[in-house]
Amino acid sequence: MVSELGGAQMSTLLESLPGIANVLRSPVADALVGVIRAAARLEEFELSDAEELVQYASRRGLLDEDEGVRILKEVEAAYQKRASRAADRAKQAKAKAKGPARKKAKKPAAKKARATKPAARKSATKKPAARKSPTSKGAKAKKKTRKK
Numbered sequence: 360m361v362s363e364l365g366g367a368q369m370s371t372l373l374e375s376l377p378g379i380a381n382v383l384r385s386p387v388a389d390a391l392v393g394v395i396r397a398a399a400r401l402e403e404f405e406l407s408d409a410e411e412l413v414q415y416a417s418r419r420g421l422l423d424e425d426e427g428v429r430i431l432k433e434v435e436a437a438y439q440k441r442a443s444r445a446a447d448r449a450k451q452a453k454a455k456a457k458g459p460a461r462k463k464a465k466k467p468a469a470k471k472a473r474a475t476k477p478a479a480r481k482s483a484t485k486k487p488a489a490r491k492s493p494t495s496k497g498a499k500a501k502k503k504t505r506k507k
């Protein structure tokens, strides 16, 4: 006859044998760890983990049974879609590695020479001619006389 371990007995057992906690971990805890690792993309998603968590939630009354079934159908459809896409990618990679028939490489077209306009020349700006001073011969004569 198999007897179940109570909470006190379980904690005593876990304290006395430190490594046994890893062995006796519940399937729900394993599923939760698996889903968390898959969410962090450390591991691949396992459909069994989702099933275990939905069953646990249904047993505890956290999810209705109908809702659990609907969620599992959605997850299974997404899982199958992902698996088929991965298979398609693997086929494409295999075909690419095999070496498909080579197509003739197109030669690069020669670049057309642009019709360029000659550079516009700057017009030479002429400076205005220097003005002659308005001094007349008479003014020069006055200057000379003043200096004396």
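Taken in order, the sequence shown gives residues 360 to 507; the numbers are from the working numbering.
Built from N, CA and C at the ideal position, the CB exists for glycine as well.
Give the DSSP-derived three-state secondary structure of residue i in the structure shown.
i: Leu421; result: coil
i: Leu401; result: coil
i: Lys465; result: coil
i: Ser407; result: helix
i: Met360; result: Because Met360 sits at a pLDDT of 39, beneath the cut-off of 50, its placement in the model cannot be relied upon, and the point is left open.
Sorted by chain position, which residues of the same chain lie with C-beta nearer than 6 Å to residue i's C-beta, five sequence neighbours on each side aside?
i: Val394; result: Asp408
i: Ala416; result: Leu422
i: Phe404; result: Ala397
For residue i and residue j, I'd like the C-alpha separation in whole angstroms.
i: Gln451; j: Arg444; result: 11 Å
i: Asp389; j: Ala456; result: 39 Å
i: Lys440; j: Ala449; result: 14 Å
i: Glu426; j: Arg384; result: 27 Å
i: Lys432; j: Lys465; result: 50 Å
Would you call the CB atoms of residue i and residue j closer than 8 Å?
i: Val413; j: Leu422; result: yes
i: Val387; j: Glu411; result: yes
Less than 7 Å between C-beta atoms, sequence neighbours within five positions excluded: which residues of the same chain meet that for residue i?
i: Ile430; result: Val413
i: Val392; result: none
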